[in-house]
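Going down the list, the sequences are from chains A, B and C. Under our numbering, the first residue of the first sequence carries the number 1, and numbering increases by one thereafter. Under our numbering, the first residue of the second sequence carries the number 1001, and numbering increases by one thereafter. Under our numbering, the first residue of the third sequence carries the number 2001, and numbering increases by one thereafter. C-beta: ideal position from N, C-alpha, C; glycine also. Report on the structure given below.
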Amino acid sequence: MSNTYRSRLMQAIVGGAILAGAQSLSFGALADTTLNALFMAQAAYSEDNVRAMTADFEAANPGVKINLEFVPYEGLHDKTTLAQGAGSGYDVVLFDVIWPAEFAENKVLVDVTDKITPEMKEGVLPGAWTTVEYQNKRYGMPWILDTKYLFYNTEILEKAGIAAPPKTWAELLEQAAIIKEKKLVEFPIVWSWAQAEAAICDYTTLVAAFGGQFLDADGKPAFQTGGGVDALSYMTESLDKGLSNPNSKEYLEEDVRRVFSSGEAAFALNWTYMYNMANDPKESKIVGKVGVVPAPGVDGKSEASAVNGSMGLGITSTSKNPDEAWKYITFMTSQPVQEKFAKLSLPIWAASYAAPAVTTGQEALVAAAKTSLGLMFPRPTTPTYQQLSTTLQQAIHAALLKTSSPADALKTAADSAGGGL
Amino acid sequence: MMERRSLPFSIFLYANAIVLGIFIVAPLLWLVIMSISDTNDLTTVPLRWLPQTLDLHRYGELTSTVANSVGAAFLQAMRNSLLVAGMATIAALAVAIPAAWSVSRADGKLDVSLYGIIATYMLPPVALVVPIYFALSALGALNSVFSLAIVYLSILAPFTTWLLKSNFDHVPVEIEKAAMIDGARLDQILRRVTLPLAAPALTTAGLFAFLLAWDEFFYALLFTAKDSKTLPVFIADLAGGRVADYGLIATAGVLASLPPVLIGFFLQKSLVSGLTAGGVKG
Amino acid sequence: MMTGRWMTLRSWLLLAPLLAVMTFIIGWPLAKTIGVSFTDAKLLGGAVNWVGVDNFSRVLTSAAFYSVVWTTIKFVLVSVSAEFVIGLAAALLLDQQFVGRNLLRALMILPWALPTVVNATMWRLIYNPDFGAFNAMLTQLGLIDAYRSWLGEPSSALYAICLADVWKNFPLVTLIALAALQSVPRELRAAAVMDGAGPWSRFRAVVLPFLIGPLTVAIVLRIIEAFKVFDIIWVMTRGGPANSTKTVSMLVYEQAFAFQKAGLGGSVALVMVLVSSLLIAGYVGLLRRQGEFR
């Protein structure tokens, strides 16, 4: 591409000035290697966690310095692709499970299949590996092994006389109805249904539960049939009955956490990280009242449900220090580091789930994880995922906002899966 | 106005003035209050409008210089904004001064070119951004405050030219002619005669240009990352990310607004000429 | 006095740097965008094929395109007309003598000077569905009985953004109108009062002629700017809910950068340029007809 659009004149005039300036700024006489790493400021490990891990790495590797940048999840994909064109962008990037196809096709990430040692292959959970794979190649190391769990407020359930959290999605609505009727909270369930990827994650969980499919065997849209429609109908039904917080349509994960942590919801679907944050007195008013179970199933179709919301760390193809970058990635994803910081994100290592450092104090979460992590349902693997997702987000919103029935909205989306235009 | 006012009219007038005042000040006041309130006060329903305790820790947090902290990132963004806006402004003036003088002294013959330039710079940036991105990418010049300053030049230069041209129109040609007869070269005339006379206008134009650059978001969003981010991009990222602490977002907003607000008050008298010339933001 | 050719050459030489800047940073990219929009170019490279007018026919036959155009038009109409009404009313008020007038005038600077992104962020916090000041105020005044999701409902999201935009931009109209009002000669006003003309006929006959030119310029300027709207929407809703706040600029961003379809995005941008050009031509025409005023 670059050559196609290169303008020599532009290069002469603009480039000269910029390069001269850039050199004077960035040549700080550092003999050390500096890596730029891009992370997200949302869910999973907190910024403080990442800083602490990185500080440990720097202490263990004198001569390597890491510049950290945090962007909202919503900006992570575009920042990564835009920086790709920048050449001098990031060395290490955090990527979502849905991007390896696109990033591999566009050569954004380096193929690291050969760098992965047998110990890694053996030790990491198979579900985690799917996060970084595309066409049998691996484009990084899994780092955040995550799925959405059903969180509940134990105190509210107790007051409502509910003995156990729901096992099926239908039961969730029944329990929510009881809670609403007893006026314990106005809207018992809270979700992240903003027009964003977050809504797709909740939808995917439901699609898994209702036995639906995104694409059929030929790669054609299949979400407009069967379980795909049931899942969306369930979402609209919960809103219609006043059981789901209507503001969910504008919420991302952080909003869900805030509402749940302030005690204004009995149930919430959210990532791992909410468990310990909702139990943190500085962040929450419901400390010690947080229950967590796998997301429910549907009678006759599933016992429980889960979405693969994992993320990996990869080396960009523009990195000038791929070896140091890989060193950093292997450190960040190593078993000791992941076990040390296991409060907001659970380790990728199978052995960790027996380690007291991981399980102590969060037995309920680890128990739920053992079920959920085995069930993680993937979102479609396609290089044009962004477009498919945007189209689906619009369909979901059209149904939630009543401009269209769930079946019609999904049918429209399936017909125009090309991405809006 | 000379006429006497009736009492009902006076009441009407003051009532409206108060409503207008509240409409303007209330959102800003709330921004400031959010920045100094405890998070618990802000997330209580019904809302407590006045904080129970004064909480200034966020101002400390944002001005902290600890490596990889929010404060360090904020200060870096502030520095980038200053750098980009400053460089773009100086470059814009350097380009605009000769151009404006030339158009002004051409007795209307070159006005057409100026109108053409004004028209061009009002085009939507989305129509230009892809090729600029390709070009900067090919040059390895993305993520650089220098590139961003050069891109901003295309916005600031026409605008400052326009502002300066109307000011140069007021510098009497006779003085310049007199200097010319004394044998002064063109650059000497400009430096010693015209520019000193137009000094206030230069300051105004420069400050306006600075404000435009300080405010720009679209190009900055696409062309900067990591350590070249400007303040608007930093704030948009902060507001979009994992910050349950609204006060911190508000604090960043307050700090980022201080320079333009101060400049705005300074510019008060010459504001209208700048506004008409397209010095609008947003 | 120097004349003729040297004069002309010198004039153009002095203009040259500005012309160069405009050619390289605006003219050249615009030409490139035109070129790209006839191809299937991707943002991150790969083969580039000439596709003729395919992109344009795809855009112009897409319901999604007309929907963002309509959203943009609604935004422009609502924002700019409200800015005009409130801005003019505020100017007429500030043209009167009263205690605190200068303070109020100075305060008008604040919204204008506030960076757009800060303004958008501020209003997003104010509209927060759970803890926002807007909900708190309306509830405590008894105007609504429950908190609402102002930015989460398609029926209100665009108008909520419009209010944020109006708050920031009406001072522009006010300040320009006020300057025009104060350029009305005192004698003229006094004479009209002596003639016994009523307030409305005085306004129409004496004040309006001074106002109409500057106000038209201010309005057209606002229309041009509002048509390009991107940042306030990016920060407040990112185009949601259900695309109810997705404008043309947002669509270009989505196609060209999020989906990396540079060609398709370019063609949407070009359609936008055509519309903008008409507006800008009107603006420049106004400026030329009226000469510059300050």
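Query, Result
"Closest by C-alpha distance to C:V2043, when choosing among C:V2036, C:A2262, C:L2151 and C:M2272", "Reading the sequence as shown, one finds Leu at residue 2043 of chain C and not Val. The shortest C-alpha separation from C:L2043 is found at C:A2262."
"Unbroken stretches of the alpha helix (DSSP H), 4 residues or longer, contained in the segment 2123–2206 of chain C", "2133–2140, 2154–2181, 2186–2194 and 2199–2202"
"Where B:F1210 sits in the DSSP three-state scheme", "helix"
"Per-residue contacts from C:S2149 into chain A (C-beta, under 8 Å)", "P246, N247, K249 and E250"
"Buried versus exposed call for A:K183 [16 or more other C-beta atoms within 10 Å across all chains shown]", "exposed"
"Beta-bridge pairing of A:G312 - partner residues as DSSP gives them", "A:F95 and A:P142"
"Under 7 Å (Cβ pairs) to chain B, residues found in the segment 334–348 of chain A", "none"
"From A:H397, A:I315 and A:N321, residue whose alpha carbon lies closest to that of A:T80", "A:I315"
"Chain C within 8 Å of B:A1256, Cβ atoms only", "yes"
"Residues bridged to A:L150 [DSSP beta-bridge criterion]", "A:L269 and A:V293"
"Contact check, C:A2157 vs C:P2241, beta carbons under 8 Å", "yes"
"Beta-bridge partners of B:S1147, as assigned by DSSP", "DSSP, once it has assigned bridges, lists no residue as partnering B:S1147."
"Range covered by the beta strand (DSSP E) that runs through A:K65", "V64 to V71"
"A:T80 in three-state terms, based on DSSP", "helix"
"Positions along the segment 2126–2137 of chain C whose CB lies within less than 7 Å of some CB in chain B", "I2126, F2131, A2133 and A2136"
"Collapsed DSSP secondary structure at A:A160 in the structure displayed", "coil"
"Residues near A:V108 by beta carbon distance below 6 Å, same chain, minus five either side", "Q84"
"Cβ contact check for the segment 169–182 of chain A and the segment 284–298 of chain A: 3 or more pairs under 8 Å", "yes"
"Cβ-Cβ separation, C:F2230 to C:S2249 (assumed contact under 8 Å), whole Å", "4 Å"
"Same chain, Cβ closer than 6 Å to B:A1149, neighbours up to 5 away in sequence not counted", "V1084, M1087 and A1088"
"Partners in chain B for A:K79, counting only beta-carbon separations shorter than 8 Å", "A1225"
"Inter-residue CB distance, A:M311 and A:D96 (contact presumed, cutoff 8 Å)", "5 Å"
"Neighbour-count burial assignment, A:P118, 16 or more Cβ in a 10 Å radius", "exposed"
"Cβ contact check for the segment 244–253 of chain A and the segment 2138–2152 of chain C: 3 or more pairs under 8 Å", "yes"
"Pair within 8 Å by beta-carbon distance, A:L313 and A:M141", "yes"
"Beta-carbon spacing of C:G2087, C:A2226 below 8 Å", "no"
"Bridge-paired residues (DSSP) for A:V124", "A:W349"
"Contact set for C:Y2283: own chain, Cβ-Cβ below 8 Å, skip 5 residues either direction", "V2217, V2220, L2221 and I2224"
"Which residues DSSP lists as bridging C:I2034, in chain order", "C:I2034 is not bridged to any residue."
"Secondary structure, alpha helix (DSSP H): runs of 4+ residues fully inside the segment 2234–2291 of chain C", "2248–2253 and 2262–2290"
"Own chain, CB closer than 7 Å to A:V229, minus 5 neighbours either side, in chain order", "P406, A407 and L410"
"Which listed residue (A:V64, A:L206 and A:K180) has its alpha carbon closest to that of A:E264", "A:K180"
"Meets three-Cβ-pair contact criterion under 8 Å: the segment 1130–1143 of chain B and the segment 1220–1232 of chain B", "yes"
"Bridge-paired residues (DSSP) for A:S302", "A:V298"
"Proximity below 8 Å, CB of B:A1127 to CB of C:A2269", "yes"
"Span separating the alpha-carbon of B:A1077 from that of B:V1070", "11 Å"
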